[in-house]
Amino acid sequence: GECADKDGGLFSYAQYNENASPEDCSVKCSGLATSAQVGLGVTASACRCYFDGSAPDDEGQTFTSVDESGTGPVAGVNNESGENWQCYRRIAAGTVEPTTKPTEVPTAPVTQSPTQAPTTSSP
13 GECADKDGGL
23 FSYAQYNENA
33 SPEDCSVKCS
43 GLATSAQVGL
53 GVTASACRCY
63 FDGSAPDDEG
73 QTFTSVDESG
83 TGPVAGVNNE
93 SGENWQCYRR
103 IAAGTVEPTT
113 KPTEVPTAPV
123 TQSPTQAPTT
133 SSP
C-alpha cells in the first residue's frame, strides 16, 4: 500500500522517479522544506517525501508534486492501491521531551568504610 495517516488518508508528496535506498531518499527529502515533512516512502523505482499540507512546488525541479489530504505523522499504509511502499516516519531531532524529574538517588544502605579487617589463621 501507500504510506498513510492514522485514518488511511494519503499525504501530499514530492516524488523522485529513481531507485533510492531509504537513506538516499532521506538525503533527497532533507533538501526540501522540512517544517511540514512527516516522512518518506521508497519503492524499487521511486522515492517520496511526504508532507502534512501542500507539497513543495515542482516547477523546474527534478521531482513531481501531488497534493492529498493526509495529516499528522505517517502511521501505516492505505491498501487501496497495488503499490508496495516502504514507509518511514520523520522524527525531528530534539523533539522528544526530557523527563520532568531526574531518576531517584540509589536507596541501598551505605557500607562502612573500611569493612572489617582481614583475619589470619594460624597453622
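According to the working numbering, the stretch in the sequence shown is residues 13 to 135, in order. Note that CB positions come from ideal geometry on N, CA and C, so glycine has one too. Quick caveat, the model's predicted, so the values are computed rather than measured.
With DSSP run on the structure shown, which of helix, strand or coil describes Ser-77?
Under the three-state reduction of DSSP, Ser-77 is assigned to strand.
Taking the alpha-carbon positions, what's the Gln-73 to Tyr-28 distance?
10 angstroms
Considering only residues of the same chain and omitting the five flanking positions on each side of Thr-76, which have a CB-CB separation below 6 angstroms?
Gln-27, Asp-70
Using three-state DSSP, classify Val-86 as helix, strand or coil.
coil
Could you check if Asp-79 is buried or exposed, using at least 16 other CB atoms within 10 Å of its CB as the buried criterion?
exposed
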